[in-house]
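What follows is a single structure, written as structure tokens, with notes after it.
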Amino acid sequence: MAGLASAFGSGAMTNSISEIADARVIFVVGSNTTEQHPMIAMHMLEAVDRGATLIVADPRKTQIAAFAHTHLRQRSGTDVALLNGIMNVIIGEGLVDINFVRRRTENFDEFEKVVKRCTPEVAEKITGVPASDIQRVARIYATEKRSMLFYSMGITQHVTGVDNVRSCANLVMLTAHIGQPMTGLNPLRGQNNVQGACDMGALPDVYSGYQKVADARARKKFESAWRRKLPSAPGMTMIDMFDSALEGKLKAMYIVGENPVMSDPDTSHVIEAIRKLDFLVVQDIFMSETAELADVILPAVTFAEKDGTFTNTERRVQKVRRAVRPMYGAMPDWKIISELSKKMGYDMGYRAAHEIMEEAALLTPVYGGILHHRLDAFGLQWPCPDADHPGTPFMHRKKFAKGLGTFNPIEFTPPDETTDMAYPFILTTGRLYFRYHTATMCRRTATLEREEPECFVEINPKDAGRIGLRSGNFVKAVSRRGEIVVKALVTDRTPEGIVFIPFHFREAAVNLITSPAVDPVAKIPEFKVCAINLVPVIPKPGERPKNRYNRKEDLKILNELYEEPEVPS
Amino acid sequence: MKGDLVLSKAHLSYWLRQLRKEADLIGPLRSTDGDIVFSSVENIHDIVADGPANLPCQKEFLFPQREEMYKFSPKGTERTGNHKKRVIFGIRSCDVSAVGLMDTFYGGQYEDDFYMERRKNTSFISIACNTPDSSCFCIGLGTGPFLKEGFDIQLTDLRDRYMVQVGSAKGRQMIKGFGHIFRRPKKADYDDQYEANLSSQSKFEKRITLDNVRRKILAGKVPDSFWEGVASRCFQCGGCVYQCPVCTCFNVVDWKDGGGEKGVRMRIWDGCMFKGFTKMAGNVWPAEQIAARTKRWYFHKLLYWPGQSGKFGCVGCGRCTITCPGKIDMATVANRLEKKD
Amino acid sequence: MEKVSTICPYCGCGCGLYLHVENGLITGVSPSAHHPVNHGSLCVKGWNCHEFVQHPDRLKYPLVRKDGILQKSSWEDALDLIASRLSGTKEKYGPDAIGILSSAKCTNEENFVMMKFARAVIGTNNIDHCARL
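Protein chains in written order, with numbering that gives the first Met the number 0: chain A, 0 to 568; chain B, 0 to 340; chain C, 0 to 132.
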């Protein structure tokens, strides 16, 4: 979100999902929409049925790409070059909305200098996308008024993640596709409330509503509401925390509903860091790979057992309602934390979720009018500054959140790891339709578990032929950090030179081999590019290949958990 | 018809209140979000009797998405089930027809205890449909908008009163002892019923004859490439199966607890649209391609059902039209096939 | 039989759905017909999102590691232990020796409380979540 914030002043989908069906051009960059956001893909498909043009930029031939009028298969990690190439055409052919650029943006001249150098031919050399395709896409996107741009993890999970996002923002501003319905720059957020967690300030440098902790006025407001002195220096991101733990500086961690052992790059590094901690608390609904390493585990409740709100990717704050009483002896997270604060000498005194939202609304300008009693019938979209405000379906109408939109001149930089003789394949990781994140939830859902029971590596038929691999064969994926054994799936969904492994599987935790390189600003790991080698392996009869993470001791702990539940008083 | 009755709308709530003493009354209510949902009725006046025709599916009351079958422990096995008596008010003719089809499947040659137990305890008061939705096409299948048989009680809305038709022993049970609120119909009532039925028939937007489609498929005029085109738009959500009032597939799952020695055995809805549905030992996936699965769903409804029971496995409720994110629902596909040479 | 309107716990689309509740147990899911995102549709995950809620693998009580093994504990004891260990760490090494990871699966309210806990109670800005993954 840092990329969007630096261009527009706020990071969220600028427009609404319900506008998609009426768009004329839909440009999807680095999002496997049909599998990861199926209900958004449904709207895109409807737009296509109504005659819209769909452009997809993704190295893999995903289902949404099959519907695309133009599918750009750029090499992994070359998105900036692709976007610069497109913008070069737009500037060169005079398709820029000069009026908008003059009135609403700044720093165009600097930006133009950089883009001028990246002609479609230069971009073709870097990305592998034909220059004629780049020209065509540029013309289609720029000339149509109702053009929506979407991106997802395919853009952000790179060392150049922030650059990628800024490039998208540049493109949107260049053509003035913002501040109108059926336009905008629309990040599709992966998890149900990742937008809300950001909005509510679960970030090291901002309070709720993206108010900077370094800003004395914002800090004073929170200090007076909470009656405590608050620290002014921004804190550590998750990845910094693990580095700091490894150095022995961070001593204790409290992890709520997260499974960094599975989800973070370079698993062994994370495990080592966690082992170094003096004290680890994990609060979750199921035993996770991270919880197994904890000193204290607290049972939390699922979405069906608590009241509250989730904010979806289009900034819609919606009510989650309690359907059943907390199962077993679990408690809602907010209750656990407020009980704990009470024990630590700070009584938060909340009795229900809506009381918390009341306080959040008071302290958060963009959530000012978000109150539980207003959220029946499909919620409200922030910014919603006061209790009479009807919510905002599309943002930046008259001006950007930060005033003028900023063009960021961005040069192409190659990914952190490049292929060589020893590691000739680019590995890109991602998700599957039937799976979700580290799979603690869908593993307990019969239908989902059955559909994709095994991890696999997608590989192009040509590459597979070269190393003598057929679908169903076992193959060892080796990177500079580790190795895992998976089954091969030979398919032309993945282009030559690139292989794909989903990250959901504990049995073959792909993050044992992914690169720990992160974006210097947003600290997003580069999951989408890592150099690996593939070596076919033949397991001995009756033996299944093992990897390093299946440790017996962890399973022993798991077995001890299956006991009679205790009913709390 | 002999045995028909007339009920003033003013007396409907009284009647339902009396029925509720004996059974859990379920009816169409407006949710906090404005959707119509079938829930237990607290306040009879909350019932939305004249709402839109595209109501949620009633299948869950006879065949829930997740149903516990047995509890097991070292002490033995205990069968769990649902003996609750229920009156379900306000379902439409298409769903009554669907219950009839479910009965032939679950109550036919092999009787399904869990289904039959719920079925025995459930009575339906259906409403002859006079507000068909744009997605409805029961009229081409004879499964609606009003029925001649197969219902427990069928109501026809005659503005200030209902025509009440009784079609089963359960239906007779529901009017027994309420002579003081029902009266015999007069000619004017029958005239109004005729009017209502006529006007309902004229409101259908979709006219689909599945017979034509079936003949075309049987004549070999539909190539596999057609189904591949259909399948390319499949999101594999399973919505068509889950929402279909005629689909019956389930999977049996054991949840073990306490180190594996006790737990529950339950069944959950499953769907032939999923790749793993026909997965066999030795890692064999007979229908690995989506096209094979979509084709099978349509063939089951259009060819195999008529082959076995003489009726299509579709009642034209139009729910797949509403739920399918890829717009490859029965109505759309049938329409395309009908137009195809 | 009750229908409770709520939001799908899986992806960021935020589809509206109903949980069907009978005798205190969830028996099924149905999509919200008028929701601006899903219009009566759901994906396979949404359709099956009720299942894990009641799974017996759920954590049932607090666990505390004693002599290297995780052991069953009461809420009171577990929270007392956490409070004393966190306070101890804060006194000995300062508040910035503590890190908090909140969750993108928790509600807004819970994330707000987590942030307040980190900043006001512990006194550190070391709070983050997995937005980047």
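Beta carbons are placed, not taken as given, at the ideal position from N, Cα and C, and that holds for glycine.
- Residues of chain A with a Cβ closer than 8 Å to the Cβ of residue 15/C are, in chain order, 317 and 377.
- Nearest neighbour of residue 143/B by Cα position, chosen from 73/B, 206/B and 16/B, turns out to be 206/B.
- Classified as exposed, residue 284/B has fewer than 16 neighbouring CB atoms from the shown chains inside 10 Å of its CB.
- By the C-beta criterion, the segment 44-54 of chain C is judged not to be in contact with the segment 228-236 of chain A, since fewer than 3 inter-stretch pairs fall below 8 Å.
- Here the C-alpha atom of residue 77/B lies approximately 45 Å from the C-alpha atom of residue 3/B.
- Distance from the CA atom of residue 457/A to the CA atom of residue 499/A, rounded to whole angstroms, is 5 Å.
- Excluding its 5 nearest sequence neighbours in each direction, residue 178/A has C-beta neighbours in its own chain below 6 Å: 395 and 396, listed in chain order.
- Contact between the segment 80-89 of chain A and the segment 117-129 of chain A is present: 3 or more CB-CB pairs across the two stretches fall below 8 Å.
- Residue 19/B holds the alpha-carbon nearest to the alpha-carbon of residue 42/B among 19/B, 249/B and 57/B.
- Linking residue 151/A to residue 194/A through their CA atoms gives a straight-line distance of about 13 Å.
- For residue 309/B, no Cβ of chain A is located within less than 8 Å of the residue's own Cβ.
- Using a Cβ-Cβ cut-off of 8 Å, residue 5/C is close to 302, 303, 318, 319, 320 and 322 of chain A, given in chain order.
- Within the same chain, Cβ atoms closer than 7 Å to the Cβ of residue 258/A are found at 287, 288, 289, 437 and 439, the five residues on either side in sequence being excluded.
- Between the C-alpha atoms of residue 63/A and residue 405/A there is a straight-line separation of about 31 Å.
- Residue contact with chain C for residue 236/B: present (Cβ-Cβ distance below 8 Å to some residue of chain C).
- Within the model, the alpha-carbon separation for residue 85/C versus residue 181/A is close to 49 Å.
- Residue-level contact check: residue 65/B touches chain C, since one or more beta carbons of chain C fall below 8 Å from its beta carbon.
- In summary, residue 120/C is buried, with 16 or more beta-carbon neighbours lying within 10 Å of its beta-carbon over all protein chains present.
- The beta carbon of residue 386/A sits closer than 6 Å to those of 368, all from its chain and outside the five residues before and after it, given in chain order.
- Three or more pairs of CB atoms, one per stretch, sit closer than 8 Å, so the segment 243-258 of chain A contacts the segment 95-102 of chain C.
- According to the DSSP assignment, residue 341/A belongs to the alpha helix (DSSP H) that extends over 332-342.
- With respect to chain B, the C-beta atom of residue 80/C has no partner C-beta closer than 8 Å.
- Within 8 Å of the CB of residue 241/B, the CB atoms of chain C belong to 46, in sequence order along the chain.
- With contacts defined as CB atoms closer than 8 Å, residue 147/A and residue 25/A qualify as a contacting pair.
- Within the same chain, and ignoring the five residues on either side of residue 17/B in sequence, the residues whose Cβ sits closer than 8 Å to its Cβ are 177.
- Around the beta carbon of residue 344/A, fewer than 16 other beta carbons sit within 10 angstroms, so the residue counts as exposed.
- At a cut-off of 8 Å between beta-carbon atoms, residue 114/C makes contact with chain A.
- An exposed status is given to residue 48/A, since fewer than 16 other beta-carbon atoms sit within 10 Å of its beta-carbon.
- Comparing alpha carbon positions, the residue from 11/C, 125/C and 34/C closest to residue 17/C is 34/C.
- DSSP places residue 308/A in the strand class (E or B) of the three-state scheme.
- Out of 114/B, 179/B and 233/B, the CA that lies nearest to the CA of residue 59/B is found in 114/B.
- For residue 108/C, the nearest CB of chain A lies under 8 Å from its own CB, placing it at the interface with that chain.
- In this structure, 212/B is the residue among 240/B, 212/B and 287/B with its C-alpha nearest to the C-alpha of residue 331/B.
- Bounds of any alpha helix (DSSP H) do not take in residue 122/C, whose DSSP letter is neither H nor E.
- Under a 10 Å Cβ-count criterion, residue 389/A is classified as exposed, with fewer than 16 other Cβ atoms of the shown protein chains found around its own Cβ.
- By the rule that beta-carbons nearer than 8 Å mark a contact, residue 11/C does not touch chain B.
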